[in-house]
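In our numbering, the protein residues as written are 240 to 781.
Presented below is the structure to which this report refers.
As structure tokens, this is what we get:
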């Protein structure tokens, strides 16, 4: 029989409830008996021994908190009796030993990707339409309304019909007729996966550094191998000037392999001629993009970004280590994995430092972490404020507790490079990317850095997607996967129930990655048109 609880590491003095445990119930685990003295909800932890006030709490073999009061064995760990605490760390010059997974059966495999002129390989073929400043958001929406349905990319027909039926029923005082469920229409350009329209609230009114960061971010999107070309709308007077974006794009794409169409409203004077020109030239660009075709490429061209959001107490036991196993396989095949969310590495810094390939990388990671923490403290915040109400409700009481499980999605490979926000991937292997813990800010950055596929773990469920990169959502538990099946792509709950191992599910998830990268599987976020995009605003509004 599968146990109702789990001790993750032999040194742990916190025990995780895999199912609801009643007060007075005795739990047998690893040759020990634990008497539970109050109800423990699934995903939460209880004390495996008596704690005195001020003693440190251990999970995953590391410090994840501190006792705020005496905590008797068998008591639930909660906000009232525990707070964040983490271990001190230092950059030691050591040679990290890694046992790479056996990928013999995958070495001759390939996926059907889009090979670009500079050698990059995309998992999709999109045309991007984006504003340089928030003043152009309406014009972006006008282009979207004009093009999406006409080109066969709209996923909103069902809701349009649904609303029309309700209005007709209201006007005629009758019962509404059920709306017909529509799929995406027939595409005019079959080799173009979509036209992606991005809006944002940046580009002006902030610091010059934020304007530059936006241009670096957008340059990363335009240069991305999943993007065949782009249409850029500008007002003209904003901080994020066309020349600034062109400068950053030239650094990434000096040969100008990606066609870019530029439109500035203050130069046109009138909205209509600008938008008509933009629509006309975008259609011409799409005709050229449609000439691109998928071809077989080695799995070494996979660049997998790893992310988590809506995490729960099971995320670190199932979905995150599962993603980490796939990340390790990808690295062993010569590909890349990208781990961000620096606030969710708080408490596991020593493990990260020990895995860095050089002293320079160790120093860079340490500097970025400390700089981020100082910036947070300057505005009255701290990494220990990272857990959300949903995290806490589902058993992640402290940031170190959350981080210890979150870091597992990066696998165990050596760290090849440490990148700051908006820097583009240049090294294969595992890369660290300084991003916030915010799901969308982080996935936005992962795509700009060069991820061509994102694996996203969730416990409570989130619909997060990205405009240009497929985002596969992996549920930590079967309940969420069943209840929210329209947004979940893969169920890792069998690990919690003991029905399947991490290795077995890693093989299955790797197959899903190959299918998705080849265009044979459309992830749920893409089906829903979930194109989330939020730039990280580091500065203040002026």
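Ideal Cβ positions, reconstructed from N, Cα and C, are used throughout, including at glycine.
Small disclaimer: the values here were computed from a predicted structure and weren't measured.
> Where residue 280 and residue 632 are concerned, what is the direct C-alpha to C-alpha distance, given to the nearest angstrom?
Replying inline: 10 Å
> Can you list, in chain order, the stretches of the alpha helix (DSSP H) that have 4 or more residues and sit fully within the region 639-722?
Replying inline: 678-688 and 717-722
>> I need the boundaries of the beta strand (DSSP E) containing residue 330, first residue and last residue.
In response: From DSSP, residue 330 is part of no beta strand (DSSP E); its letter is neither H nor E.
> Who are the near neighbours of residue 581 in its chain, counting only those whose CB is closer than 7 Å to its CB and skipping five residues on each side?
Replying inline: 607, 608, 611, 673 and 674
> Cα-Cα, which of 433, 757, 463 and 518 is closest to residue 351?
Replying inline: 757
> Taking residue 334 as the reference, which of 731, 732, 693 and 652 has the closest Cα?
Replying inline: 652
> Can you tell me whether DSSP reads residue 590 as helix, strand or coil?
Replying inline: helix
> Is it a yes or a no for the region 763-771 touching the region 695-708, going by three-plus beta-carbon pairs under 8 Å?
Replying inline: yes
> Whose C-beta lies closer than 7 Å to the C-beta of residue 552 among residues of the same chain, with five residues either side of it excluded?
Replying inline: 255, 282, 283, 633, 634 and 635
> If you drop the 5 nearest sequence neighbours on each side, which residues of the same chain put their C-beta closer than 6 Å to that of residue 644?
Replying inline: 554, 555 and 559
> Below 9 Å between beta carbons: does that hold for residue 438 and residue 367?
Replying inline: no
> What are the start and end residues of the alpha helix (DSSP H) that includes residue 605?
Replying inline: 598-617
> Okay, do the region 535-546 and the region 689-698 touch, 3+ Cβ pairs below 8 Å being the bar?
Replying inline: yes
> With 16 other CB atoms within 10 Å as the buried threshold, where does residue 579 fall?
Replying inline: buried
> Cα separation between residue 754 and residue 383?
Replying inline: 28 Å
>> Less than 9 Å between the beta carbons of residue 365 and residue 465, yes or no?
In response: yes
> How many angstroms separate the CA atom of residue 243 from the CA atom of residue 259?
Replying inline: 8 Å
>> Rounding to the nearest angstrom, what Cα-Cα distance links residue 535 and residue 744 in this structure?
In response: 25 Å
> Can you tell me whether DSSP reads residue 735 as helix, strand or coil?
Replying inline: helix
>> Please identify the residue among 301, 566, 777 and 291 whose C-alpha is closest to the C-alpha of residue 328.
In response: 301
>> DSSP three-state label for residue 505, please.
In response: helix
> Is the beta carbon of residue 286 sitting closer than 9 Å to the one on residue 313?
Replying inline: yes
>> Below 8 Å on the Cβ atoms is my contact criterion, and I expect residue 661 with residue 459 to pass it. Report the Cβ-Cβ distance as a whole number of Å.
In response: 6 Å
> Rounded to a whole number of angstroms, what is the C-alpha to C-alpha distance between residue 288 and residue 638?
Replying inline: 22 Å
> Apart from the five residues just before and just after residue 574, which ones in its own chain have a Cβ nearer than 8 Å to its Cβ?
Replying inline: 538, 539, 540, 541, 542, 543 and 667
>> Spatial neighbours of residue 265 within its chain, please: C-beta separation below 6 Å, excluding the five flanking residues on both sides.
In response: 272 and 274
> If you check the beta carbons only, do residue 550 and residue 715 fall under 9 Å apart?
Replying inline: yes
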